[in-house]
Amino acid sequence: MAILVVGRLEPSLEAQLSAAHTPLRLPVAVEQAEAVTVIVCGGRPGVDAALMDTLPHLGAVVNFGAGVDAIDVDAARARGIGVSNTPDVLSDTVADTALGLILDTMRGFAAADRYVRAGRWAAEGPFRYTRDLTGSRVGILGLGRIGSAIATRLLGFDCAIAYHNRREVPGSSYRYAASPVELAASVDVLVVATAGGADSAQLVSREVLTALGPQGYLVNIARGSVVDQDALIDLLTTGGLAGAGLDVYTGEPNVPAALCDLDNVVLLPHMGSATARTRTAMATLAMRNLEEFLASGQLVTPV
Ligand code: 8YV
């Protein structure tokens, strides 16, 4: 039984994995491929059907991260290959990141920091007025584990919370909007917290962003693929949106220069879950999935 690592693993996972095993790395020779029963990966480049087909005894793909959009889960299912992720342990940290991004985007903290450092406070006077989060209307696209943790935090800011999911969440006290457009049209801030992948691709379309409008803010801590990034840049540049806070992008780690040039956006380098404590917890959960699969053929947190 051999373990294959795909892509570059996070230091926290690499350390735990190398301490316990001697995994193979790509490319692997045909004889080695025969022995591979489990892949360990984290985000891109991920695992596609073509790679699965070169590994005849592959039984599981262990992913570091909650989102499994870089893995062809349907192809895995069709081949009887299990896929695990690292849910729950990162929800609070990602929700904290979302709150930071919402506050920073509305209050302009990063822009104000640049203003101070450039000596403009002394030269030009006080920074521009900004917008309050307290009492504002926030829409959450994707009220799952992370979306719910964001909503809980926003209650402390007296926000009116609405959400859109494919199906209404039974018993939820938050207002349900029947579509992303309807949600965007009725809020000051739209927070994207849905899973990535084909089902949610460009869910936040130009129409949705236009509905959010010139006074509206977009915050994305999910996946770049969920948002029409060209339309977003277009609207941010022409006053069609008030601002945006982004942790994720289309084509990461490259961020379009057009976004970097804008003062009404806050840009983070996909660091939603990147605290030492949470990344260690994610690595530990990924290792538990690996060890359990090696011991019993079962995964602890299958998707
Ligand atoms: C990680 C993430 O940055 O969990 C996810 O889906 O996007 C992040 O927590 C990523 O998985 C690290 O590779």
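Position 136, counted from 1, in the sequence shown is what numbering that gives the first Met the number 0 calls 135; the numbers after and before it change by one each time, with no gaps.
By construction, the Cβ of each residue, glycine as well, lies at the ideal position given by its N, Cα and C atoms.
Predicted model, so just to flag it, every value in this text is computed and none were measured.
Which residue from the options puts its Cα closest to that of residue i?
| i | options | result |
| --- | --- | --- |
| G238 | V254, P255, V264, A32 | V264 |
| R287 | L16, E9, M0 | L16 |
| G195 | T279, G66, D229, L289 | G66 |
| N253 | G223, C40, R276 | G223 |
| T300 | H163, V88, V46 | V88 |
| T382 | V60, L100, M105 | Here the chain covers residues 0 to 302 and nothing more, so residue 382 does not appear. |
| P179 | S135, A280, R276, L142 | L142 |
| T129 | D262, L267, E291, L298 | D262 |
| G134 | F156, G99, P44, H269 | F156 |
| V190 | N164, L217, S172 | L217 |
| R205 | R78, T193, L240 | L240 |
| A110 | A32, V225, C259, I80 | C259 |
| V203 | Y175, L3, Y248 | Y248 |
| A197 | P44, N164, V225 | V225 |
| A19 | A1, A177, A176, L132 | A1 |
| R136 | V168, G64, I101 | I101 |
| A74 | T92, D91, A49 | A49 |
| A257 | T274, R278, D233 | D233 |
| T104 | R24, D68, G244, L231 | G244 |
| A184 | T193, V168, H163, G81 | H163 |
Counting along the chain, where does the alpha helix (DSSP H) carrying residue i start and finish?
| i | result |
| --- | --- |
| Y216 | Y216 -> not in any alpha helix (DSSP H); beta strand (DSSP E) instead, spanning 216-219. |
| A285 | 275-295 |
| L235 | 228-236 |
| L258 | 256-259 |
What do you get for residue i, buried or exposed, if any count of 16 or more other CB atoms within 10 angstroms of its CB means buried?
| i | result |
| --- | --- |
| N62 | buried |
| Q214 | exposed |
| E123 | exposed |
| P9 | In the sequence under discussion, the amino acid at residue 9 is Glu, which differs from the Pro named in the question. The residue in question, E9, is buried, as its Cβ has 16 or more Cβ neighbours within 10 Å. |
| G170 | exposed |
| H56 | exposed |
| T96 | buried |
| S295 | exposed |
| D47 | exposed |
| D281 | Residue identity check: residue 281 is Met in the sequence provided, not Asp. Burial call: buried. |
| G107 | buried |
| T151 | exposed |
| M51 | buried |
| S172 | exposed |
Just reading off the beta strand (DSSP E) that residue i is part of, what are its end residues?
| i | result |
| --- | --- |
| R136 | 136-140 |
| A326 | This structure cannot speak to residue 326, because the chain is shown only from 0 to 302. |
| A1 | 1-5 |
| A243 | 242-245 |
| V302 | No beta strand (DSSP E) contains V302, which DSSP labels as neither H nor E. |
| V264 | 264-266 |
Just to check my reading of the structure: residue i and residue j have Cβ atoms closer than 8 Å, yes? What is that Cβ distance to the nearest angstrom?
| i | j | result |
| --- | --- | --- |
| G138 | L182 | 4 Å |
| L3 | P22 | 6 Å |
| D246 | N219 | 7 Å |
| I80 | G58 | 6 Å |
| V35 | L54 | 5 Å |
| S83 | A148 | Actually they are not in contact, since the Cβ atoms of S83 and A148 sit about 21 Å apart, beyond 8 Å. |
| I145 | V93 | 5 Å |
Is the closest heavy atom of the ligand ZN to the C-beta of residue i under 6 Å?
| i | result |
| --- | --- |
| G41 | With respect to the ligand ZN, the structure shown offers nothing to examine, as its ligands consist of the ligand 8YV. |
Please give the ranges of any beta strand (DSSP E) in the region 144-170, keeping only runs that are unbroken, at least 3 residues long and fully inside the region.
159-163
Any chance you could list the alpha helix (DSSP H) runs of at least 4 consecutive residues sitting entirely within the region 59-141, in chain order?
72-77, 90-106, 108-116, 119-123
Which ranges would you report for the beta strand (DSSP E) in the region 183-222 if only whole runs of at least 3 residues count?
188-191, 216-219
Report the residue ranges of all alpha helix (DSSP H) runs contained in full by the region 7-53; include only those spanning at least 4 residues, in chain order.
10-19, 29-34, 48-52
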